[in-house]
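Worksheet: one structure, shown below.
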Amino acid sequence: MRISPILSVFALALLVLSVNASNRGAQEEDVFRPIGVTMWVMSKCPDAVSIENFFAPIFSEFGPKYLSPELKFIVNDDKGVISSMHGPTELEGDKYQTCVQTHVGNTEQFMFALCMDQNYTSIPANVPGCLAYAVPNANSRALVEECVQKEAITELQLQYGVARLLGVKWSPTIYVDGVRVCLWHEKDRCPIGTTKAEWTEYICNLIEKKGGELPQPCH
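For the sequence shown, the positions run -21 to -1, 1 to 198 when mature numbering (1 follows the signal peptide of the UniProt record, and there is no 0) is used.
Next up, the structure:
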């Protein structure tokens, strides 16, 4: 499987930053909690693919010490029957990405999604290769596969309920630390901005407000 340069850079940067964060944590207590960036998406939505690739270099630069990406899914629930706007193949993508987050982690979920984004119209045919890439541990992959068969629909039903409570209807809708900050497809409803520089400034301001030490991207 051919991996795009942006995905390779994202994976390498997160590995280095994770090791550095672990080393610092062994030396001193770290009380800063990463800023949660939750994106409500659909796995085969072109706008979702766009926002995930937009955020990839930002997450790489800040790393898991400062940012925790999470994908949640906008689905339909018709009397207990879960479906997705772009059809059954998209629902499979939603299920796999949900289960990677549940059983492996947020960072791996985002890596998995970025891999699938490279050819998102072929979802779920690209699941095996991307799953092996983002989740190299065979036991963890087995947990994901079991989750897809037994747990995913229940989890997506819960996400449907949360989305209804929040009024989330459009992919992508972005929340930062639980606050809705952007409807990406409507530029006038994304006051933070739509450039990397604007989001970097916004994140740096949040880190400072939370009492965190400003990382390199903020200097």
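Glycine included, every Cβ here is placed at the ideal spot set by N, Cα and C.
All values reported here derive from a predicted model rather than from experimental measurement.
Three-way DSSP call (helix, strand, coil) for residue i in this model
i, result
"ASN55", "strand"
"TRP178", "helix"
"CYS161", "strand"
"GLY72", "helix"
"VAL114", "coil"
"THR152", "strand"
"ILE102", "coil"
"SER39", "helix"
"PRO67", "helix"
"LEU135", "helix"
"PRO107", "helix"
"GLU49", "strand"
"GLY15", "strand"
"SER29", "helix"
"VAL123", "helix"
"VAL10", "coil"
"ALA142", "helix"
"VAL60", "strand"
"VAL20", "strand"
Nearest to residue i (by Cα), restricted to the options the options
i, options, result
"VAL79", "ARG168, PHE41, ARG12 and GLU130", "GLU130"
"VAL106", "ILE30, TYR75, GLY66 and GLY84", "TYR75"
"ASN118", "VAL83, THR152 and GLY108", "VAL83"
"CYS24", "ALA111, MET90, CYS183 and LEU50", "LEU50"
"TYR139", "ILE14, VAL20 and PRO13", "VAL20"
"GLU134", "ASP26, PRO13 and GLY59", "GLY59"
"GLY42", "PRO13, ARG120 and PRO103", "PRO13"
"SER70", "PRO103, LEU93 and THR81", "According to the sequence provided, residue 70 is Leu. The question's Ser does not apply to it. Cα-wise, what sits closest to LEU70 is PRO103."
"ASP26", "THR81, CYS161, GLY15 and THR68", "CYS161"
"THR17", "VAL147, THR174, GLU187 and GLY190", "VAL147"
"TYR112", "ASP156, LEU93 and GLU125", "LEU93"
"GLY66", "GLY157, SER22, PHE38 and GLY172", "SER22"
"ASP156", "LYS189, VAL127 and PHE91", "LYS189"
Whole-angstrom distance between residue j and residue i, CA atom to CA atom
i, j, result
"GLN169", "ARG159", "In the sequence as displayed, the identity of residue 169 is Cys instead of Gln. About 10 Å."
"LEU144", "LEU137", "11 Å"
"HIS164", "VAL10", "35 Å"
"PHE89", "GLU40", "15 Å"
"HIS198", "LEU110", "36 Å"
"residue 207", "PRO115", "No statement about residue 207 is possible, as the shown extent of the chain runs from -21 to 198 and does not include it."
"SER29", "MET95", "12 Å"
"PRO151", "MET64", "13 Å"
"PRO36", "THR86", "13 Å"
"PRO194", "ALA176", "15 Å"
"ASN32", "VAL123", "23 Å"
"TRP149", "SER62", "15 Å"
"PRO196", "GLU187", "13 Å"
"ILE153", "ASP73", "17 Å"
"ARG120", "THR68", "20 Å"
"ILE171", "THR179", "10 Å"
"VAL127", "THR174", "35 Å"
"ILE132", "PHE91", "19 Å"
Below-8 Å beta-carbon distance, residue i vs any chain D residue
i, result
"CYS94", "In the structure shown, chain D does not exist; there is a single protein chain."
Assigned exposure category for residue i - 16 Cβ within 10 Å defines buried
i, result
"THR77", "buried"
"ASP167", "exposed"
| request: Please confirm if the segment 95 to 104 is in contact with the segment 39 to 47, defined as three or more CB-CB distances below 8 Å between the two stretches. | output: no
| the segment 176 to 183 in contact with the segment 52 to 71 per 3-pair CB rule at 8 Å | no
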